[in-house]
Structures are given as C-alpha cells and as structure tokens.
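Engineer: Below you will find the structure I want to go over with you.
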Amino acid sequence: MSTISDLISDVAPSTSYTYRRFMKSRRLIPETVTLNDGSKAHWIGSSKSDIIILFFHGSFFTKK
C-alpha cells in the first residue's frame, strides 16, 4: 500500500533534487547545510555574504 509521501514523490520531486537541478542549470555550485534537527538549508549565492534572505514557503525573512 502506498503512503501519502510515496504518492507526492511520484508527482513532485524533492526540494533537494529541484535545487540541484536549478543550480546546475545556472552553472552555480550547490551548497547545502544540514541543520542540527536534520533539516537542510540550500544556499543560492555565497554563504559568506553580509546580507542573507531566509526564505520559507509562503514568506521570507531578512537579516543584515
């Protein structure tokens, strides 16, 4: 019996897969960080930047 996760993964690829494809299409080097709770953060641009935008599905936050 299929689970909801199985059904969703058949329809939509994972965020990590989509991120890698996006970065490759732009000829950018992917940089993924695994956080303490096991979740992942994907960088677009330099992780050494002075200004970052933290994006969550549905909204975003900025920090200077």
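Read left to right, the sequence shown gives residues 102 to 165 (the numbering used here). A virtual CB, placed ideally from N, CA and C, is assigned to each residue, including glycine.
Going by CA-CA distance only, name the one from 152, 143, 135 that's closest to residue 120.
Structural biologist: Closest by alpha carbon: 143.
Engineer: Whole angstroms is fine: what's the gap from residue 135's alpha carbon to residue 150's?
Structural biologist: Cα to Cα, residue 135 sits roughly 19 angstroms from residue 150.
Engineer: Residue 126: which of 156, 133, 145, 108 sits nearest, CA to CA?
Structural biologist: It is 145.
Engineer: I'd like the list of long-range same chain contacts for residue 141, defined as Cβ closer than 6 angstroms, with 5 residues on each side in sequence excluded.
Structural biologist: Closer than 6 angstroms at the Cβ level, and outside the excluded window around residue 141, lie 133, 135.
Engineer: With the cut-off set at 7 angstroms, would you say residue 114 and residue 124 are in Cβ contact?
Structural biologist: Going by C-beta atoms, residue 114 is not nearer than 7 angstroms to residue 124.
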